[in-house]
Amino acid sequence: MGVWQWYRGLAPKTRMFMGVGIMAWAGFGLLVTNEIEKRFDMTPDEKDYEEVRQLVPKISTVERGER
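Heads up, the sequence shown is in the numbering used here, so the first residue is 104 and it goes up one at a time.
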């Protein structure tokens, strides 16, 4: 039995509570993440941003010649 069939087999009220619970968990994570980063001194600085900029591939365009 797949996960989708298991999920569809649940009562509609149970599916609703599961969906609301997952959204609440995600919202809580979004609200708390910044505070946790500050407390554990994990906020990114300019050095971190520069490292990420170096990892991003450079894209350049090439003009197509006429045939």
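Every residue, glycine too, gets a C-beta built ideally from N, C-alpha and C. Quantities reported herein were computed from a predicted structural model and do not represent experimental measurements.
In this chain, the alpha helix (DSSP H) harbouring residue 117 covers 115-142.
Annotated three-state conformation of residue 153 is helix, per DSSP. Going by DSSP, residue 112 is part of the alpha helix (DSSP H) stretching over 106-112.
Linking residue 130 to residue 162 through their CA atoms gives a straight-line distance of about 35 angstroms.
The distance from the Cβ of residue 146 to that of residue 138 is about 11 angstroms, inconsistent with a contact at the 8 angstroms cut-off.
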